[in-house]
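J.:
Number of protein chains: 2
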Amino acid sequence: MRVVRSINDMRNVIADWRRTGATVGLVPTMGGVHAGHLSLIRVAGEHSDQVIATLFVNPSQFSLDEDFDAYPRDEDKDLQMFGEAGASLLFAPPIEEIYPNGHVTKVHVEGLSSLLEGKFRPQYLTGVSTVVSKLLIQAMADVAVFGEKDYQQLQVIRRMARDLDIPTVILGAPTIREYDGLAMSSRNRYLSAAERPHAGRLFSAISDIARATAEGADPIPLCNAAERRLIESGFRQVDYITVRDANTLEQYRGPGTPGRVLAAAWLGKARLIDNLDV
Amino acid sequence: MRVVRSINDMRNVIADWRRTGATVGLVPTMGGVHAGHLSLIRVAGEHSDQVIATLFVNPSQFSLDEDFDAYPRDEDKDLQMFGEAGASLLFAPPIEEIYPNGHVTKVHVEGLSSLLEGKFRPQYLTGVSTVVSKLLIQAMADVAVFGEKDYQQLQVIRRMARDLDIPTVILGAPTIREYDGLAMSSRNRYLSAAERPHAGRLFSAISDIARATAEGADPIPLCNAAERRLIESGFRQVDYITVRDANTLEQYRGPGTPGRVLAAAWLGKARLIDNLDV
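Going down the list, the sequences are from chains A and B.
Take 12 as the starting number for the first sequence in our numbering and just add one per residue.
Take 12 as the starting number for the second sequence in our numbering and just add one per residue.
1) Below 9 Å on C-beta distance, what does A:Glu121 contact in chain B?
2) Going by Cα to Cα distance, which pick from B:Arg198, B:Met151, B:Ile168 is closest to B:Glu159?
3) Output the residue ranges of the beta strand (DSSP E) runs that lie fully inside the segment 100 to 183 of chain B and measure 3 residues or longer, sorted by chain position.
4) I want to know whether the segment 187 to 196 of chain A touches the segment 121 to 132 of chain B - three or more CB-CB distances under 8 Å.
5) Restricting to Cα atoms, I'd like to know which of A:Glu57, A:Ala221, A:Val143, A:Ala204 is closest to A:Lys280.
6) Return the Cβ separation of B:Val35 and B:Ile18 in integer angstroms, given the expectation that the two are a contact with Cβ distance under 8 Å.
7) Can you list the residues of chain B that A:Ile177 reaches, using a CB-CB cut of under 7 Å?
8) Check A:Thr31 in the structure and name its three-state DSSP category.
9) So what's A:Asp20 in DSSP terms, helix, strand or just coil?
10) Which residues mark the beginning and the end of the beta strand (DSSP E) in which B:Ile242 is found?
11) By a C-beta neighbour count over all protein chains shown, 10 Å radius and 16 as the cutoff for buried, is B:Glu238 buried or exposed?
12) Return the chain-ordered list of same chain residues with a C-beta closer than 7 Å to the C-beta of B:Asn69, the five sequence neighbours on each side being excluded.
13) Does A:Met171 get closer than 8 Å to chain B when you measure Cβ to Cβ?
14) Looking at B:Leu230: is its Cβ nearer than 8 Å to the Cβ of B:Val249?
15) For B:Phe246, which residues from the same chain have a beta carbon less than 8 Å from its beta carbon, with the 5 sequence-adjacent residues on both sides left out?
16) Closer than 7 Å by beta-carbon distance: list the chain B residues that pair up with A:Asp174, in chain order.
17) In terms of DSSP beta bridges, what is A:Gly36 paired with?
18) Quick check: the Cα distance between A:Ala225 and A:Val289, rounded to an integer number of angstroms?
19) Using 10 angstroms around the beta-carbon of B:Ile284, count the other beta-carbons present and answer buried if the total reaches 16, otherwise exposed.
20) Can you find a CB in chain A that lies within less than 8 Å of the CB of B:Ile18?
21) Which runs of the beta strand (DSSP E) fall wholly inside the segment 236 to 286 of chain B and span at least 3 residues, in chain order?
22) According to DSSP, simplified to helix, strand and coil, what is B:Ala194?
23) Under 7 Å between beta-carbons, which chain A residues line up against B:Ser144? List them in chain order, please.
24) Should B:Arg200 be labelled buried (16 or more other beta-carbon atoms within 10 Å of its own) or exposed?
25) According to the neighbour-count rule (16 or more other Cβ atoms, all chains shown, within 10 Å of its Cβ), is B:Pro111 buried or exposed?
26) Could you have a look at B:Arg207 and say whether DSSP puts it in helix, strand or coil?
27) So what's A:Val68 in DSSP terms, helix, strand or just coil?
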């Protein structure tokens, strides 16, 4: 599996593929590869002939108090796992290739970037829409695959790609979970051994809410009760647990309309997020 | 000369050209075509085999108190002039093709969009960088040509295209002027017959400043004196007249560094802007 570090080199590989008529899939990641990422590679492989994994820990989506420095970095291991899952190219640029001196342009998805995660992580979603717009324009792939685990991020990326007329189909891939329902995430490693057994309760909580809401229950008291139970079972803080319209992430419009349960909560040093279709 | 109104139709024409090996040039305009626009078409034709003119009066770059409704619209005349100058395709989309329902993404060039014009027209440059990023991504042309008359806009577009890795070469084309130096502009039609003879004084003023600054004079007193003289000769208001670094539009760094004189001033109902190399 080949590794390229410059946009030009990636474009040259893609141009060679294009000349043979091959289609191209892109899977942007920040590394810390786990089974969730591998499923993205597989989904991309089902929709394209050649799959590019990208590995870039994007500084612009971290606040100063977040874990940019601590974020797991093990390129050799990531490379091997991407290759086994079926990727044929790794694009792993240094920071100055993505943000050269004087880079000042931001791609901002208004509204959608300011609610939920946007309230707690003000830079995160604009950092994502900026770097992903760049990666999409760099590769001009036929499809790009992102995990539904970061559901709001996926909606922001869909909106950005549509609004900027980027001709790449954005695919969401289902969340991959541990035995107890915990959504796989590079940040799960911040859980202590004592905390880990409780982490599955976030998934249980949103599952219960999704089921009851689908059956017509009012989600607001359900979410309030779930928040209390999470705190009682050892979660340090619940940033939000809520049912929203699945497309706009604004207020849920009730039975018969698309709904999504979304939650973010702190267990020790780990901020867990998860979501589920109603 | 063919006219298309959808992004898809434009992309299909371009794909046909690409299959023959042709290169493509793009000239985004808001119509109100004059000799300045025609020179952009000609410059594009010198750098590419097929030239697309676009005609779209972009609402997002007008403030509510600006002249969106009054902006000149005469597609038949524009079409004929573009064709005579050598364009082979006109892309003239309706508003909903560029901003469909739910469009919320903004492309913002920080810093560069907030100074000079940005102080007086807060929405203008973000409106421009957003719509131009879309047009560039839609066409993926080899070159795109913009007038130096809107110098700050040109610098914003250059920066945006570089920052988003859009693989289109951005070319600036020299300002085309009337007999007395007045820069050609669709908005010159807002000048009354009585005002028109005075309009060339803006060009005289920046010419004098450019020449003296190039010879080593301090531009600040020159600009202050020029502002007074413009007001004395009938200009209603001078928004700015200043010498700046030609690339960043921040403070001019003195002799031997790239400088640009930039000015904006009101004569009656017309806001004239102009600029000149030091």
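Where is the CB? At the ideal position from N, CA and C, for every residue including glycine.
Remember, it's a predicted structure, so these values are computed and weren't measured experimentally.
T.: From the atom records:
1) Counted from its first residue, the first sequence places residue 121 of chain A at position 110. Simply Val115, Thr116, Lys117.
2) Counted from its first residue, the second sequence places residue 159 of chain B at position 148. Considering only B:Arg198, B:Met151, B:Ile168, the residue with the shortest C-alpha distance to B:Glu159 is B:Ile168.
3) 100 to 102, 116 to 120, 154 to 158
4) no
5) Here residue 280 of chain A refers to the residue found at position 269 when the first sequence is read from its first residue. Looking at the Cα atoms, A:Ala204 is the closest of the given residues.
6) Your numbering for residue 35 of chain B matches position 24 in the second sequence. Your numbering for residue 18 of chain B matches position 7 in the second sequence. That pair is no contact at about 15 Å.
7) Walking along the first sequence from the start, residue 177 of chain A turns up at place 166. The contacting residues are Ile148.
8) Taking the first residue of the first sequence as 1, we reach residue 31 of chain A at position 20. Note: A:Thr31 maps to coil in three-state DSSP.
9) One-based indexing of the first sequence puts residue 20 of chain A at position 9. Reduced to three states, the DSSP call for A:Asp20 is helix.
10) Within the second sequence, residue 242 of chain B is the residue found at index 231, counting from 1. Taken as a continuous stretch (DSSP letters only), B:Ile242 belongs to no beta strand (DSSP E), being part of the alpha helix (DSSP H) at 230 to 243.
11) Working through the second sequence from its first residue, we reach residue 238 of chain B at position 227. Under this definition B:Glu238 is a buried residue.
12) Within the second sequence, the letter at position 58 stands for residue 69 of chain B. Counting only Cβ-Cβ distances below 7 Å, and skipping sequence neighbours, we find Met41, Gly138, Val142.
13) As a first step, residue 171 of chain A is located in the first sequence; it is residue number 160 there, counting from the start. Closer than 8 Å to some Cβ of chain B, the Cβ of A:Met171 qualifies, so yes.
14) The residue labelled residue 230 of chain B in the question sits at position 219 within the second sequence. The residue labelled residue 249 of chain B in the question sits at position 238 within the second sequence. The sequence as given places Pro at residue 230 of chain B; Leu does not occur at that position. Not closer than 8 Å, so no.
15) Taking the second sequence and counting its residues from 1, one reaches residue 246 of chain B at position 235. Excluding residues within five positions, the ones whose Cβ falls inside 8 Å are His209, Arg212, Leu213, Ala276, Trp277, Leu278.
16) By 1-based counting over the first sequence, the position of residue 174 of chain A is 163. The answer, in chain order, is His114, Val115, Thr116.
17) Against the first sequence, residue 36 of chain A aligns to sequence position 25. Its beta-bridge partners are A:Val62, A:Val154.
18) Working through the first sequence from its first residue, we reach residue 225 of chain A at position 214. Working through the first sequence from its first residue, we reach residue 289 of chain A at position 278. Those two C-alpha atoms are separated by around 5 Å.
19) Taking the first residue of the second sequence as position 1, residue 284 of chain B is located at position 273. Burial call: buried.
20) As a working note, residue 18 of chain B is residue 7 in the second sequence. Yes, because at least one Cβ of chain A sits closer than 8 Å to the Cβ of B:Ile18.
21) 248 to 256, 270 to 278
22) As a working note, residue 194 of chain B is residue 183 in the second sequence. The answer is strand: DSSP assigns B:Ala194 an E or B state.
23) Taking the first residue of the second sequence as 1, we reach residue 144 of chain B at position 133. Going along chain A in sequence order, the residues near B:Ser144 (Cβ under 7 Å) are Leu175.
24) The residue given as residue 200 of chain B occupies position 189 in the second sequence. Exposed is the call here.
25) Numbered from 1 along the second sequence, position 100 holds the residue referred to as residue 111 of chain B. Per the 10 Å Cβ criterion, exposed.
26) Here the question's residue 207 of chain B lines up with position 196 in the second sequence. Helix.
27) As a first step, residue 68 of chain A is located in the first sequence; it is residue number 57 there, counting from the start. Three-state DSSP puts A:Val68 in coil, outside helix and strand.
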